[in-house]
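Enquirer: Mind looking over this structure? Questions follow.
Numbering (the numbering used here), first residue to last: 636 to 1281.
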């Protein structure tokens, strides 16, 4: 064989190998892989990080993760990864964990203890424990409900002016006066952490000291508001607090705490659990996927995320300060499809940027909220977001801001605060099915937003259980909202289906509001409200708000904010509405004071005292709202919570 032929053959083989490598359509990750491999389907790598490295070097922009569980995962995408698609193997379970299994357990009476190794201490700081794919409950006192503290803060909150009428001092933000019947010298401040309730939010704080003479606790990090704030209007909630992570709170199987003094994880197992077979997972990473600024054209699909942590911090309104399992910062064109996030300490996803799509996802069992977003042209569609606020009770399903955004066909439930808290200007919430919201906090609503222009709530259904006693403030436009529309929505058993505040030029049309007893339509400090073609069903319907009448309060006696609303007009158009009720009344308000109580003037509207008329409305509900949510289960939820639906 000639040397020329051998040379030509060698060159041809090299070209073929090069072309094959260049034509590789994806980089593969598998549990059976090795990070020394090429990343081909037959020679996969073992980690997502290695797959990213290969992608950056080869310009292959697709990563496929094979079936299985992957632990200690935390990767950061940058603008170098623009155009990247990461997907799980089609039709398979692919789970990425931001934690790892932990614990060489020793039996100590009825409890199990595991030493936290030097390699993880003191950096390891966790507040969730995952066993058998479920969150276990942290030790707490009291076992249910909350303690009542004695702190007072009598000053006025002025949100439109940026805060408190008196600025709190550092000492006021870091002190709580406790009842010695609840707390004593036995409290280990090295371990204990507190939830301190306010009104629409809470604070989560570590402790730095206890004074058993003054009966005071000192916080290691400042609370959002002083303990006792908002008590003048928000009531008992503002004096409540819970103590977490203490041995004295271990009252039943399934509970746990971190003994920081002795560097141990302590767990009370169920009868079916034992030290030899217990697989306990703790978070070691604060995020699983992070996307840095200026990345673009990123997509992820068919993946499950679990067990990420969240460092302790001031939680902020609606837990906005807490991190997420998936974090994207100023990304351009991001797609999340068929993603599941559960059993995480923070948010499921925190996303900022533009042209973001989140669809067909399931987010649940989070320490904070579901989806936080801020940006333009963001779409949240066909998602289930539920069982939230496992650590922070100010949590919401969706918190949004920006412009031209959409939340559509989502099912939102088991939420301590709002289902939707903000959307953005010129944005829409439509066809969402909402229930079991506002379980812990006051103020807020099912769908709430403030300070926006040209927002639309339409074709949503919000349902509370029969006998509900929590005022829903269901569809809520708050301070400085204007030019907004609320149409074709349903509210059942929410007591206050409409609550608007300091808003102007709002249209409420063709909505249906159903309550068994008193139903309140509330609109303090609002002007130019138009109610057209709505149906109100209740024993009594009461309208509560201004109508242009002035009370005895002098304008000059009010603060600058209230003076702006001195001439508010309330409802200026009320036309073509049906009121199926025994009576209709109004509380005429000026600012927040009652000017008078009176019958409501019906004008060109119908007061119907006929059960048949109510039944006719109810019979149409299944067809009218069957498209809400994404599981086609409106009728099932309605039957479960409100009664029969034909």
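We put the beta carbon where it would ideally sit given N, CA and C, even for glycine. Values in this document were obtained by computation on a predicted structure and should not be read as measured data.
What does the alpha-carbon distance come out to for the pair residue 890 and residue 825?
Expert: Each residue's Cα considered, the two are about 19 Å apart.
Enquirer: How would you call residue 1087, buried or exposed, if buried means at least 16 neighbouring beta carbons within 10 angstroms?
Expert: Result: buried.
Enquirer: Where does residue 821 sit, in a helix, a strand or coil, going by DSSP?
Expert: In this structure, residue 821 counts as coil in the three-state DSSP scheme.
Enquirer: Determine whether the beta carbon atoms of residue 1032 and residue 1064 lie at a separation below 8 Å.
Expert: No, Cβ-Cβ distance for residue 1032 and residue 1064 is not below 8 Å.
Enquirer: Are there any heavy atoms of the ligand HEM lying less than 7 Å away from the beta-carbon of residue 969, as far as the coordinates show?
Expert: For the structure depicted, the ligand HEM is absent and the ligand set is empty, with no information on it obtainable.
Enquirer: Just list the residues that DSSP pairs residue 941 with in beta bridges.
Expert: DSSP, once it has assigned bridges, lists 732 and 977 as partnering residue 941.
Enquirer: Drop a sphere of 10 angstroms on the beta-carbon of residue 1152, count the other beta-carbons inside from all chains shown, and report buried for 16 or more, exposed for fewer.
Expert: Exposed, because fewer than 16 other Cβ atoms sit within 10 Å of the Cβ of residue 1152.
Enquirer: Got a sec? Which residues, its chain only, sit under 8 Å from residue 739 by beta carbon, not counting five neighbours each side?
Expert: Cβ neighbours of residue 739 beyond the five flanking positions: 749 and 750.
Enquirer: When the distance is taken between beta carbons, is residue 923 closer than 8 Å to residue 775?
Expert: Not a contact, by the Cβ cut-off of 8 Å.
Enquirer: Between residue 913 and residue 1041, is the Cβ-Cβ spacing less than 8 Å?
Expert: It is not a contact, given that the beta carbons lie outside the stated cut-off.
Enquirer: Give the DSSP-derived three-state secondary structure of residue 1187 in the structure shown.
Expert: Residue 1187: coil per DSSP, three-state reduction.
Enquirer: If you draw a straight line from the C-alpha of residue 705 to the C-alpha of residue 684, how long is it?
Expert: The alpha-carbon atoms of residue 705 and residue 684 are separated by roughly 11 Å.
Enquirer: Our contact map puts residue 919 next to residue 734 with C-beta atoms below 8 Å; I'd like the distance itself, whole angstroms only.
Expert: Contact holds; Cβ gap of about 5 Å.
Enquirer: Would DSSP call residue 618 helix, strand or coil?
Expert: Nothing about residue 618 can be reported from this structure: the residues present for the chain run from 636 to 1281 only.
Enquirer: Within the chosen definition, does the segment 899 to 907 reach the segment 789 to 805 through at least 3 CB pairs nearer than 8 Å?
Expert: No contact exists between the segment 899 to 907 and the segment 789 to 805.
Enquirer: Does the segment 1089 to 1103 touch the segment 1111 to 1124, meaning 3 or more C-beta pairs lie closer than 8 Å?
Expert: Verdict: yes, contact present.
Enquirer: Just verifying my parser: in three-state terms, what is the DSSP assignment at residue 1273?
Expert: Three-state result, residue 1273: helix.
Enquirer: Would you check if the segment 858 to 866 and the segment 759 to 772 touch, i.e. whether three or more CB-CB distances between them fall below 8 Å?
Expert: No: fewer than three Cβ pairs fall under 8 Å.
Enquirer: Using 8 Å as the Cβ pair cut-off and three pairs as the minimum, do the segment 1200 to 1218 and the segment 1233 to 1244 touch?
Expert: Output reads yes: the segment 1233 to 1244 touches the segment 1200 to 1218.
Enquirer: Comparing alpha-carbon positions, which option in 1015, 840 and 975 lies nearest residue 578?
Expert: Outside the displayed span of the chain (636 to 1281) sits residue 578, for which this structure offers no information.
Enquirer: What are the start and end residues of the beta strand (DSSP E) that includes residue 749?
Expert: 746 to 750 is the span of the beta strand (DSSP E), which, as asked, contains residue 749.
Enquirer: Would you mind stating whether residue 1327 and residue 732 have Cβ atoms separated by less than 8 Å?
Expert: Summary: the structure shown does not reach residue 1327, with the chain confined to residues 636 through 1281, and so no result is reported for it.
Enquirer: Using the Cα positions of residue 1096 and residue 1175, report the straight-line distance between them to the nearest angstrom.
Expert: Between residue 1096 and residue 1175, the C-alpha separation is close to 22 Å.
Enquirer: So, at 7 Å on beta carbons, what are the nonlocal neighbours of residue 623 in its own chain, with the 5 sequence-adjacent residues on each side left out?
Expert: Since the first residue shown for the chain is 636 and the last is 1281, residue 623 is missing from the structure and cannot be characterised.
Enquirer: Would you mind reading off the limits of the beta strand (DSSP E) that contains residue 917?
Expert: Taken as a continuous stretch (DSSP letters only), the beta strand (DSSP E) holding residue 917 covers 915 to 918.
Enquirer: Can you tell which of 1250, 1259 and 1267 has its C-alpha closest to the C-alpha of residue 1278?
Expert: Residue 1250 is the option with its Cα nearest to residue 1278.
Enquirer: DSSP three-state label for residue 1259, please.
Expert: In the structure shown, residue 1259 sits in a helix (DSSP, three-state: H, G or I).
Enquirer: Do residue 1180 and residue 1158 have their beta-carbon atoms positioned less than 8 Å apart in this structure?
Expert: Yes.
Enquirer: Just the C-alpha distance for residue 1140 and residue 840, rounded to the nearest angstrom, thanks.
Expert: Going from the Cα of residue 1140 to the Cα of residue 840 covers about 41 Å.
Enquirer: Any idea which residues DSSP pairs residue 1143 with across the strands?
Expert: According to DSSP, which records beta bridges pairwise, residue 1143 is partnered with 1121 and 1166.
Enquirer: How far does the alpha helix (DSSP H) with residue 805 in it reach, from first residue to last?
Expert: That run of the alpha helix (DSSP H) goes 805 to 808.
Enquirer: Closest by CA to residue 1155, which one among 960, 1177 and 741?
Expert: When each option's Cα is compared against that of residue 1155, the closest is 1177.
Enquirer: Could you give the DSSP three-state label for residue 1000: helix, strand or coil?
Expert: Of the three classes helix, strand and coil, the one that applies to residue 1000 here is strand, per DSSP.
Enquirer: With distance defined between alpha-carbon atoms, name the residue in 817, 917 and 664 nearest to residue 755.
Expert: Checked all of 817, 917 and 664; the closest Cα to residue 755 is 917.
Enquirer: Pair every Cβ in the segment 972 to 986 with every Cβ in the segment 932 to 945, then say whether three or more of these pairs are closer than 8 Å.
Expert: Yes, they touch.
Enquirer: Below 6 Å CB to CB, which residues in the same chain sit around residue 1211 once its five sequence neighbours on both sides are set aside?
Expert: Cβ within range, chain order: 1167 and 1168.
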